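Asks:
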Ligand SMILES: C[S@@+](CC[C@H](N)C(=O)[O-])C[C@H]1O[C@@H](n2cnc3c(N)ncnc32)[C@H](O)[C@@H]1O
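Numbering (this note's numbering), first residue to last: 6 to 215.
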């Protein structure tokens, strides 16, 4: 069994039973006019910071979001895009895809501008994205890539660059860690899955994306 299986199990559980504050920190969330984020999406906010930046989102970019969680950031992306299939969401955990699908239906009820069809949910792995080359303007992930060990992180970033169009944007939000961490923590699969012990110094992350 690999740490990727442990990660799968942690997020299967977190899809079946929402776990407030499971991962990273609880951040204030974007409040935008006419955007109402269902409570369940907020409870399933398993990310840190935000990948949603208005300056990236003009001219209806085609967006990819890897590691869907409860769907909150996809709803926020759809707010700027508002087109059928404008935001592609990829997740490897069936139960998480199912939970987010339900959450989008709930979001339709409280956001008159939103339709579930704006989000195209796909089963797939960050390490082998089910997305064609050169088709995406903005590719984002929040609190998934820090879980990956070095070779997998390299692969995940290569996949993002493969699907991005020339001059497309890669947006990442992950916890970082400047202090050395011992191998016991680094190799604890559950702490890694919870985004606690896989984090890297910001300089290492910069190197890995260049
Ligand atoms: C820490 S959660 C972050 C969820 C979401 N980005 C957020 O900010 O709330 C990690 C997400 O990545 C998904 N995931 C785990 N391993 C994955 C993989 N190898 N490929 C794609 N998604 C994966 C999990 O099911 C979960 O939805």
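Cβ atoms here follow ideal geometry from the backbone N, Cα and C, with glycine treated the same way. The structure displayed is predicted, hence computed values, not measured ones.
Assign residue 25 to buried or exposed, taking buried as 16 or more other Cβ atoms, counted over all protein chains shown, within 10 Å of its Cβ.
Replies: For the purposes of this step, residue 25 is taken as residue 20 along the chain shown, with counting starting at 1. Exposed, since its Cβ has fewer than 16 Cβ neighbours within 10 Å.
Asks: Would residue 77 pass as an interface residue toward chain D - the criterion being a Cβ-Cβ separation below 8 Å?
Replies: The question asks about chain D, but that chain is absent: this structure has only one protein chain.
Asks: Who does residue 144 pair with in a DSSP beta bridge?
Replies: Counted from its first residue, the chain shown places residue 144 at position 139. Its beta-bridge partners are 69, 175.
Asks: Taking the beta carbon of residue 87 as the centre, do at least 16 other beta carbons fall within 10 Å, making it buried, or is it exposed?
Replies: Translated into the one-based positions of the chain shown, residue 87 becomes position 82. Taking a 10 Å sphere around the C-beta of residue 87, we find fewer than 16 other C-beta atoms and assign the residue as exposed.
Asks: For residue 61, which residues from the same chain have a beta carbon less than 7 Å from its beta carbon, with the 5 sequence-adjacent residues on both sides left out?
Replies: Within the chain shown, numbered from 1, the residue matching residue 61 stands at position 56. Closer than 7 Å at the Cβ level, and outside the excluded window around residue 61, lie 143, 174, 176.
Asks: Which residue comes first and which comes last in the alpha helix (DSSP H) that contains residue 208?
Replies: Working through the chain shown from its first residue, we reach residue 208 at position 203. Element bounds for residue 208: 207-214.
Asks: CA-CA distance, residue 11 and residue 157?
Replies: Translated into the one-based positions of the chain shown, residue 11 becomes position 6. Translated into the one-based positions of the chain shown, residue 157 becomes position 152. One C-alpha to the other measures close to 15 Å.
Asks: Quick check on DSSP: helix, strand or coil for residue 56?
Replies: Against the chain shown, residue 56 aligns to sequence position 51. Residue 56 falls in the coil class under three-state DSSP.
Asks: According to the Cβ coordinates, are residue 141 and residue 159 closer than 8 Å?
Replies: As a working note, residue 141 is residue 136 in the chain shown. As a working note, residue 159 is residue 154 in the chain shown. It is not a contact, given that the beta carbons lie outside the stated cut-off.
Asks: Since residue 127 is in the beta strand (DSSP E), which residue starts that stretch and which ends it?
Replies: The residue labelled residue 127 in the question sits at position 122 within the chain shown. Here the beta strand (DSSP E) through residue 127 covers 124-128.
Asks: Is there at least one non-hydrogen atom of ligand 1 closer than 7 Å to the beta-carbon of residue 147?
Replies: Locating residue 147 in the chain shown gives position 142, where the first residue counts as 1. Remark: the shortest separation between the CB of residue 147 and any heavy atom of ligand 1 falls under 7 Å.
Asks: Would you call the stretch 42-59 in contact with the stretch 126-136, where contact means no fewer than 3 C-beta pairs closer than 8 Å?
Replies: Segments in contact, no.
Asks: Compute the distance between the beta-carbons of residue 101 and residue 77, then report whether it is under 8 Å.
Replies: One-based indexing of the chain shown puts residue 101 at position 96. One-based indexing of the chain shown puts residue 77 at position 72. Cβ distance not < 8 Å, so residue 101 and residue 77 don't count as in contact.
Asks: Contact between the stretch 179-191 and the stretch 200-213 is defined here as three or more beta-carbon pairs at a separation below 8 Å; is this criterion met?
Replies: yes
Asks: Whether or not the stretch 67-83 and the stretch 92-100 are in contact is what I'm after, with contact meaning three or more pairs of Cβ atoms, one per stretch, closer than 8 Å; do they touch?
Replies: Yes, since at least three Cβ pairs between the stretch 92-100 and the stretch 67-83 fall closer than 8 Å, the two stretches touch.
Asks: Alpha carbon to alpha carbon, how far is residue 59 from residue 65? Give it in angstroms, no decimals.
Replies: Within the chain shown, the letter at position 60 stands for residue 65. Within the chain shown, the letter at position 54 stands for residue 59. In a straight line, the C-alpha of residue 65 is about 11 Å away from that of residue 59.
Asks: Is residue 11 near ligand 1, going by C-beta to nearest heavy atom under 7 Å?
Replies: As a working note, residue 11 is residue 6 in the chain shown. No.
Asks: By DSSP's criteria, residue 94 is part of a beta bridge. Which residues make up the other side?
Replies: Taking the first residue of the chain shown as position 1, residue 94 is located at position 89. Per DSSP, the beta-bridge partners of residue 94 are 70, 126.
Asks: What residue from 69, 105, 212 has the CA that sits closest to residue 138's CA?
Replies: Numbered from its first residue, the chain shown carries residue 138 at position 133. It is 69.
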